[in-house]
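To start, the structure under review is shown below, and the notes come after it.
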Amino acid sequence: MSLLPEFEYKRPESLEEFHHLLSDYKGDAVILAGGTDVMPRIKMGLKKLNLILDIKALEGLRYIKDKGQNMRIGALTTISEIKKNKLIKDKYPSLHEAAKLTASENLQQRGTIGGNILQDTRCLYYNKPEVWRKSFRPCFKVGGDICNAARGGKKCFAVYCGDLAPALISLGASVRILSKKGEKQMPLKEIFTGDGKSPFSLSSHELVKDIIIPPDKMRGGYEKLRMRKAIDYPVVNIALSMGAGDKGRLVVGSAGATPLIYDFPSHDELSGIPEKAQNDMSPVNNMYLPPLYRKSMVKVLSDKLISRI
Amino acid sequence: MSEFRYVTKGINRTDGELIVTGRAMYACDMELPGMLVAKILRSPYSHARIKGINTDKAKGLEGVKAVISGADIGYRRFSFIDTPAFPADQTPLAVDKVRFAGEEVAAVAAVNEEIAAKALDLIEVEYEELPSVFDPEEAMKEGAPAIHEIVKPNTTTAWEDFGVPSSKSRPYKTVNNISNKNLIQYGNIEKGFEEAEYIREDRFEIPSTSHVAMEPHVAVASFQPTGKLDVWLTHMGYEHKRFWLAKLLDIPISKVRVHKTYVGGAFGGKISIFPFEFIAAYFSRVTLRPVKIILPREEVFAGCPPSRRMIVYLKTGVKKHGRITAQQVKLIDDVGAYRRSSPTALYLAHFFRNPIYSIPSIKHEGYGVYTNKLYTSAKRGHSLSQMVFAVEAQLDMICDELGLDKVEMRFKNFRKKGDTLPNGDKLRSYGLPECLKEAAEKIGWEEKYGKEKFRGLGIGTASMFSGAHNFPFSSAAMIRLNHDGRMILYTGQTEFGIGVDTVMAQIASEVLNCPLDYIVVNSGDSEVSPHDLGNWLSGGIFVSGEAVRRAALDLRDQMLKHAATGLDIPIEDLEMKGGWIIPGSDKSKRLSFSDMSRYGIQMAGGDPFIGKGYVKCVPEVHFWKGKYNKTASLSSGKGRFTEAYGLTLAIAHVEVNPETGEVHILEIVIADDCGTPINIKSVEGQIMSQAVMGIGDVLYEEVRISNGIVMNPNLLDYRVPTANDIPKISSIIVDSYEPNGPFGAKEVGESPRAAVISAISNAICNAIGERIYDLPMTSDRIKRALRSKST
Amino acid sequence: MKRSVLLVVNGDKHEMFIEPNLTLLGLLRENLNLKGAKEACGIGACGACTVIMDGKPVNACIVLAVEAEGKEIETIEGLAEGNDLHPLQRSFVDHHSFQCGFCTPGTIMTAKAFLNRNPKPSRGCQGNVNSHTLMTTIFQGVNKRGVADHE
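Residue numbers (my numbering), protein chains in the order written: chain A, 7 to 315; chain B, 17 to 807; chain X, 256 to 406.
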């Protein structure tokens, strides 16, 4: 059996209890939903933790609500539920397609939208068991002072590989975040810090409650390049959504610590974006396939997506 | 084939119900009272001197029962190959220095895994890093860091123990990190190239790929106070395991019992002996408690040998019309830190492909070279796929250059049924031309070739021994009649996915003409079964299956003889049918098998009716006290190696996305000459599984080692095909009969993989109109090739 | 700190006192001695440990045993009814849908969950890796359950 470190486990049933548990807590806590991404990380010793807070029992975080206004998707909604939702398929094709191409059918039934959005960045030199990492000096992401992927690099280049966030950002989605102090709403794109080491601006006491998508029906889609036709994280992923007057947004994922975002006011402006996006991406050799290939796929995938929408 | 009653039929696995209910017992499922768990500390460095190991703190941890390091067990050496010329070069735990990152340095046995893991953290090792060398061609140069010092054997080598005339083991010194070499020549290579009208020289590189057996490597050992060792292992034949455990622990072989387990896949990766197996047995002996080790997946990847990394320099001369006149091979086997089976690999690389094409002059030169990397091993067609990948790639390039038809070119160079190979092996059956004809028709070669943009077709071939002269040399089987007229069949074959119990029961039923459920198979238990070749070198059916056939024949003869006496009817008048012995002259006097059992006990002095059968893999290769020695040479390739070759030809049809370099395999057709398929469904399964394995080999798989560190030691970064990646695959079994095999059967378990690898890779290169010389052909490499073509 | 959990496995109620860092796979294999589900990758990437939890397939190697509190777990051991194999098990035997059989329990449980929500499949089991990779025959094994063969 592969081992897990020792920790405490709590399963709050209400938000009050959740906040109470967290605010009193002095050690490191990890929030657990589907666990499909975080559990392997814990097994590899990548998360320092004393407490697991399992939020699956929290009331009222699992819903897809659309009353003609904004759509609200509760953070505990599974990827499978999103994939199967007819309204999402009809109104937000980029999100539907992204859900369809996430991991595998089994994992889609367990993984949640909240967890998928907040999955930590990845690196070929980081997502490995502790024993393996002993062959290297500690890198930025584990609290050290070097980057093992880009020797001489001055920061962490770990890559954000989420499938759903690029699609949601293309749709102009926001997140509602709960903390003891109350609720706040911010555009999804703003939760990204751009730093591979700690990619999200959320504090450890905050919880994503739901995702809000503007009401207008969008045209769009999602392209994901992955090595195998199931399970794999993207090599590069592109989401595109556009509304009335072909005003819209193209988002490039797996480009770095944060998705690259390109707004365009009309279809004419869209045509130059793939090349610009490709030039903007400056990957390092920290994923399975080489950086130049990943970079060159940005335009290929974007063009393919644009031509089919 | 219609005359068979049980053989050839796609009979369901007799142990199928066990598997689908989760009741089949694998080594990892084994629990014993008081069992300890052991864990291994491995080196983070690829080359370092061990200046000191302090295990005191680990020993002091509550729950820890034993801790060992190299110093405790001394210089007990072992290897896959251990001959006077190539004495074993590996110790179960590193002594003095480590030679690859992942090497075993110390180990702990504790009451549970958590405590064992904590204890590992308490072991202090002081290393002094040494310069490493990772590239075999660099390692061969003068002045490269020396990985091995002089090996001074302190015991006889395994080959001497097996009976090879002793030439007294002598100190063995490695020069320029060359672990071993071979040179096989026939014809006249200079003349061959002079006669050629076109000559090509290319360099190909094939990385290690992992076996990815779904069950990780496991050892459970239970040493008894009586001095007996019981083990449950993940393995492919118990003879090697018990031989080495006995030798390393200095106990008699007869006191080591390898119990039957289901093995969750092996593919060559669980062959021979591994340090963790010795460690489990050693701990059990010093604690007198059962000990279990399950290697975590990352240790399987980083500490257990994957397939061989090989560089192939290939030079081929042809006539303008396509007949090959000469071929010269320089093979560099990047063996990693320890030699293991490299001497075998270097000769197999030649002999496994030798039956395919008739080439008048050949020079095959091989070098096994040490590097500071994970050592390597056999994988399904040991060295076959590496060699054939290069040969078939170059044939396609020659065809493209000379404008030759790729199908014709191969027809022109195939050997013929009845040919004798230069070493004396005979091709009594040879279905490759039929394979090519049928596969080309099925895939629509003529209609499709060269007519589709970014689509391509590729051919791959392969051949494989059906057992070989190497240790364990032979197989035997026994079959025993019970009072109820049923029989227990004893065979040493291991169940790791081939359906041993089913096919052996089919063979025995066929001989004895009795219902399949009359045969109860007891397989893979070293204390019960007679000597067995193991599931190596694809001799399972050809050798062990033939032993079973002969054992059944022996039992049949014994029963008929006694029946004739008992009935006072001439033996010629008796027939066996449906579990009865029936006199043709008076059917009412028939005797059941159960009658025969009672007859033996009551009337024939207690004769228990035990049939035995045995087969020597290659009867004419033997050694006995020097005098009658007739052996085969791995380093010169002289002498006989096998009695029959399985043959495969595959054709793949692929489409490449020119924008992304992604490959979409449209179809794979595999035509196989395995002689008579004993169980058609099992044969199709073997072929299918190798096709999928080959897809992984071409598209994704590579144990990627950077500066000595395995970069993808898990199933997310090391990618094997998922269900969604499998295309349409069909198999054709060509009509063929191997005179020496049981009911005409021969090998099928290893050659299709190599054929598929060549077929897919050739199809990809055909689709893009550009050659890629290395595996795997990942999308970035294909894209790069396309880009280089357009510039 | 150990916790007490109550769960139902193959219809049997179990009250267990367990550490929070025990996985569901560990609970099944070590504590309940149900050895059908296997650990092959340990990180949810292969599916050999698949069991069904409240009707859904989960990779038991990345689910905590405490997460299964109050849940109903189905494993391969509970699939046959007494001496009668489940149709899927029967179908796997009849189609030679396994070789070494190590991943078979996980694959069958994935297939069962899949057929529960999708009785007329074209292709399933995409989260399962099988190195003997008889996927075609596995599809046959899965699809044979009253549905036309798929190739």
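Cβ coordinates follow ideal geometry from the N, Cα and C atoms, glycine included.
Remember, it's a predicted structure, so these values are computed and weren't measured experimentally.
query                                                                                                               : result
Cβ separation of G118/B and S59/B, assumed to be a contact under 8 Å, to the nearest whole Å                        : 7 Å
V264/X to G337/X span [Cα, whole Å]                                                                                 : 16 Å
Cβ contact (3+ pairs, closer than 8 Å) linking the stretch 30–37 of chain B and the stretch 275–282 of chain X      : no
In DSSP terms, what W248/B is bridged to                                                                            : V236/B
Beta-carbon proximity check, I523/B vs M503/B, cutoff 9 Å                                                           : no
Endpoints, the beta strand (DSSP E) within which K395/B is located                                                  : Looking at the DSSP string, K395/B is not in any beta strand (DSSP E), and its letter there is neither H nor E.
Proximal residues to E212/A (C-beta, below 8 Å), its chain only, five neighbours per side dropped                   : I183, L184 and S185
Alpha-carbon to alpha-carbon, P275/X and M256/X                                                                     : 7 Å
Whole-angstrom distance between V559/B and I585/B, CA atom to CA atom                                               : 35 Å
Interface partners of K140/A on chain B, CB under 8 Å                                                               : P60
Interface residues of the stretch 272–287 of chain B facing chain A [CB-CB below 8 Å]                               : none
M293/A - DSSP class collapsed to helix/strand/coil                                                                  : coil
Whole-angstrom C-beta distance between Y202/B and I378/B, which should lie under 8 Å                                : 6 Å
The stretch 305–316 of chain X: positions lying closer than 8 Å to chain A by Cβ                                    : T305, K311, P312, V313, N314 and C316
Proximity test, Cβ basis, 9 Å: T42/A and chain X                                                                    : yes
Contact list for P275/X against chain B, beta-carbon separation under 9 Å                                           : Here the premise fails: no neighbours, minimum Cβ distance about 13 Å.
Minimum Cβ-Cβ distance from E332/X to chain A less than 9 Å                                                         : no
Beta-carbon proximity of P280/A to S260/A, cut-off 9 Å                                                              : no
Neighbourhood of V321/X by C-beta, 8 Å cutoff - its chain only, sequence neighbours within 5 removed                : R258, V260, I273, P275 and L277
Cutoff 9 Å: N730/B Cβ touching any chain A Cβ                                                                       : yes
Chain E contact residues for G302/X, given Cβ-Cβ distances below 7 Å                                                : Any reference to chain E falls outside this structure, whose protein chains are A, B and X.
Cβ-based contacts, 8 Å cut-off: residues of the stretch 348–371 of chain X near chain B                             : V348, D349, H351, F353, Q354, C355, G356, F357, C358, T359, P360 and I363
Bridge-paired residues (DSSP) for Q106/B                                                                            : F94/B
Residues near A155/A by beta carbon distance below 7 Å, same chain, minus five either side                          : C129, L130, Y131, F163, V290, N291 and N292
Through-space distance from A303/X to V44/A, alpha-carbon basis                                                     : 19 Å
Three-state secondary structure (DSSP) of E229/A                                                                    : strand
Burial state of K422/B (16 or more Cβ within 10 Å)                                                                  : buried
Terminal residues of the alpha helix (DSSP H) in which F369/X lies                                                  : T359 to R372
Cα-Cα separation, L576/B to F625/B                                                                                  : 11 Å
Residues bridged to D350/B (per DSSP)                                                                               : R325/B and V385/B
Whole runs of the alpha helix (DSSP H) within the stretch 537–611 of chain B, excluding any shorter than 4 residues : 562–583
Uninterrupted alpha helix (DSSP H) stretches inside the stretch 452–526 of chain B (no shorter than 4 residues)     : 461–464
Test item: CB-CB of I295/B and A123/B under 9 Å                                                                     : yes
Cutoff 9 Å: D809/B Cβ touching any chain A Cβ                                                                       : Chain B is shown from 17 up to 807; residue 809/B falls before or after that span and cannot be answered.
Sub-9 Å separation of L364/B and Q343/B beta-carbons                                                                : no
Closer than 7 Å at the beta carbon, the chain X residues around F40/B                                               : For clarity, residue 40/B is Ala in the given sequence; the question names Phe instead. What A40/B touches in chain X: G356.
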